[in-house]
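Comments concern the structure below.
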Amino acid sequence: MDRHPGQFDGRARPSSRLRSTALNTPLTEALSVCLLAASLVWAVMRPAGRSEALIAVPAAAVAIALGAVSPQHALAEAERLGPVVGFLAAVLVLAHLCDVEGLFTACGAWMARRAAGRPRRLLVAVFVLASAVTAVLSLDATVVLLTPVVFATAARMGVRSRPHVYACAHLSNTASLLLPVSNLTNLLAFEASGLSFTRFAALMALPWVVAIGAEYLVFRRFFADDLPAVEGADDDGPAPELPLFALVTVACTLAGFVVASAVGIEPAWAAFAGALVMAVRALARRRVTPVAVVRAAAPGFLAFVLALGIVVRAVVDNGLADALRHVLPGGSGLLALLGVAALAAVLANLINNLPAVLVLVPLAAPAGTGAVLAVLLGVNIGPNLTYAGSLATLLWRRVVQEREERVGVGEFTRLGLLTVPAALIPAVAALWASLQVIGV
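Residue 245 in numbering that gives the first Met the number 0 sits at position 246 of the sequence shown, and the numbers go up by one each step.
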């Protein structure tokens, strides 16, 4: 059931419930910013592949101990993020077990057969498949599981992998707009949007299609020299068996999200049920071990998300919220939504999209559902501009580098300068149109 328009979940705006007891001095402001910067730099660099949590968790503890954030605010932030983190863990396990069942291998075979030796057809297939995987199984599945499949498919066809692999990076961000469960940022915005699962999807469907279409047109032009036809690259090999159990489980899980939203249950429970069904089957068939299932949930990354939320709250409590409140456009008109989305995109590239959504959603919520969704457009499309824009892009870069594929910062940025405005502006216009037609 939809919440009443304009009625927002209190958990999305803890600042309205608790007054900060932080000292709010130049010293605590500087401390908060330094702790956030250290946490993000470590997450970007990850020396020797060590967990992002190794800096973020101590940083959160220091912020609490030195008064940059009150214990009450830290606890409120952890409570707000708890269901989101639980959902993320379940979806990561679900995606990993779908891979174990052979779903992504079947996807690679489908792409190769659909392309029929033509790189442009392969690009279309990658766009279709990456958009679907990102929307249903979250952006992490596209980055970690689909990107290696795209590499293998391009190699088997004898075509250049660059446009297709770059598409995985961009669509892991852009194509995550559709469902509340497609991205961690979506879940955070969903809590404040006042929408049901189905109404959220209905409002974001047109912006999702428009943004992906704009990305595709830019890719076709930008990578024109990498998409020549290749002789004798048809894939006539036998198609692998389709993993029906995995597909049915994913479909039932999606249906569970809709039902859970209608009855006021956290979507994490539906995700947990789907992951549990897949895990029981895989363990019974000895395809995975209990340790592998736990690792698939990425406990270190989950701890990082919780700790980062607390560190961001310290920054918010010590001046960032006040500064952004003065520049955040008000209202729900088209120009206001464009301004909100642009600010969100800039902030995502400055401090990463997860902290950006944590900061901006509570500030945008009083302006209405449209403003919250505009923030989401900015923090999901905007990160395609720089490596540091989203954790998914950072993870994609590591996956690519492991395969010794050359990924230049300059090329990535040039592509982002073309795709981000080309996708963001029409997507915001599409959101405004959806709000006029569907309403909230």
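For every residue, glycine included, the Cβ atom is placed at its ideal position computed from N, Cα and C. Remember, predicted model here, so these are calculated numbers, not experimental data.
#### Entry: Local Cβ density within 10 Å of C251, reported as buried at 16 or more and exposed below that
When all chains shown are included, C251 counts as exposed.
### Message
So, for T152: in the same chain, excluding its five sequence neighbours on each side, which residues have a beta-carbon less than 6 Å away from its beta-carbon?
### Response
Within the same chain, T152 has close Cβ partners G107, M110 and A111.
### As assigned by DSSP and simplified to three states, the class of A267
The answer is helix: DSSP assigns A267 an H, G or I state.
### Task
Rank T104, M156, A55 and A114 by C-alpha distance to the C-alpha of L145 and give the top, closest one.
For the residues T104, M156, A55 and A114, the minimum Cα distance to L145 belongs to T104.
### Task
Out of A344, L93 and L430, state which residue places its alpha-carbon closest to the alpha-carbon of G415.
Of A344, L93 and L430, the residue nearest in Cα terms is A344.
#### Entry: Cβ neighbour criterion (16 or more within 10 Å) applied to E410
E410 should be labelled exposed.
### Query
Three or more C-beta pairs closer than 8 Å, one from the region 190-203 and one from the region 125-132: is that the case here?
Touching, no.
### Message
Tell me the rounded alpha-carbon separation between G381 and A213.
### Response
Whole-angstrom Cα-Cα distance: 14 Å.
### Task
Alpha carbon to alpha carbon, how far is H169 from L38? Give it in angstroms, no decimals.
According to the sequence as given, residue 38 is Ser; it is not Leu. Straight across, the Cα-Cα distance linking S38 with H169 is about 24 Å.
### Query
With distances taken between CB atoms, is the gap from D98 to R159 smaller than 7 Å?
The answer is no: Cβ separation not under 7 Å.
### Query
If you draw a straight line from the alpha carbon of A432 to that of L333, how long is it in whole angstroms?
Looking at the two C-alpha atoms, the distance is approximately 9 Å.
### Counted within 10 angstroms of its Cβ, other Cβ atoms place R413 as buried (16 or more) or exposed
When all chains shown are included, R413 counts as exposed.
### Task
Please go through the same chain and pick out, in chain order, the residues whose beta-carbon is closer than 6 Å to the beta-carbon of R119, but skip the five residues on each side of it.
The answer, listed in chain order, is L226.
### Task
Report yes if the CB atom of A52 is closer than 7 Å to the CB atom of F303, and no otherwise.
Taking 7 Å as the Cβ cut-off, A52 and F303 qualify as a contacting pair.
### Query
Taking the Cβ atom as the reference point for each residue, do I309 and A59 lie within a distance shorter than 7 Å?
Yes, Cβ-Cβ distance for I309 and A59 is below 7 Å.
### Query
Taking the alpha carbon of A188 as the point to measure from, which residue in G101, V287, V326 and V358 has its own alpha carbon closest?
The shortest C-alpha to C-alpha distance from A188 to any of G101, V287, V326 and V358 is the one to V358.
### Query
Whole alpha helix (DSSP H) runs in the region 95-142 with 4 or more residues, listed along the chain?
Complete alpha helix (DSSP H) runs here, min 4: 102-114 and 118-136.
### Query
Hey, G377 and L423 are a contact pair by Cβ (cut 8 Å); roughly how many whole angstroms apart?
Their Cβ separation, rounded to whole angstroms, is 7 Å, which keeps G377 and L423 in contact under 8 Å.
### Task
Measure the C-alpha to C-alpha separation of W395 and L138 and round it to an integer number of angstroms.
Cα to Cα, the separation comes out at about 10 Å.
### Start and end residues, alpha helix (DSSP H) containing G338
Run containing G338: L333 to I350, per the alpha helix (DSSP H) assignment.
### Message
Buried or exposed for R117, going by 16 or more other Cβ atoms inside 10 Å?
### Response
Buried, by the Cβ-count rule.
### Task
Leaving aside the five residues before and after A269 along the sequence, list all residues of the same chain whose C-beta is less than 7 Å from its C-beta, in chain order.
T252, G255, F256 and A259.
### Contact belief for A267 with G85 at Cβ below 8 Å, rounded distance in angstroms
At roughly 4 Å, the Cβ-Cβ gap stays under 8 Å, so A267 and G85 are in contact.
### Query
Buried or exposed: M277, going by 16 or more other Cβ atoms within 10 Å of its Cβ?
M277 sits buried, since 16 or more C-beta atoms from the chains shown fall within 10 Å of its C-beta.
### Task
Confirm, please, whether the CB-CB distance from L327 to L275 is below 7 Å.
Contact flag unset, no.
### Query
Helix, strand or coil: how does DSSP classify R284 here?
Three-state DSSP puts R284 in coil, outside helix and strand.
### Task
Return the chain-ordered list of same chain residues with a C-beta closer than 6 Å to the C-beta of A313, the five sequence neighbours on each side being excluded.
S31, A62, A67 and V68.
### Message
Between which residues of its own chain and F221 is the CB-CB distance below 7 Å, once the five residues before and five after are set aside?
### Response
Hits under 7 Å: L414 and L417.
### Message
Could you compute how far the alpha carbon of R280 sits from the alpha carbon of A366?
### Response
Here the C-alpha atom of R280 lies approximately 46 Å from the C-alpha atom of A366.
### Task
State yes or no: is the C-beta of L93 within less than 7 Å of the C-beta of G299?
Contact: no.
### Message
Going by C-alpha to C-alpha distance, which of P147, A29, V135 and C33 sits closest to R397?
### Response
Comparing Cα positions, the closest option is P147.
### N- and C-terminal bounds of the alpha helix (DSSP H) containing T248
For T248, the enclosing alpha helix (DSSP H) covers residues L243 to V262.
### Task
Give the secondary structure of F222 by DSSP, where H, G and I count as helix, E and B as strand, and everything else as coil.
Of the three classes helix, strand and coil, the one that applies to F222 here is coil, per DSSP.
#### Entry: Backbone secondary structure at L423 - three-state DSSP
It is helical.
### Query
W207 and L177: beta carbons closer than 7 Å?
A contact, by the Cβ cut-off of 7 Å.
### Task
Please confirm whether any heavy atom of the ligand SAM lies closer than 6 Å to the CB of T368.
By its list of ligands, the structure shown contains no ligand whatsoever, and the ligand SAM lies outside what it can speak to.
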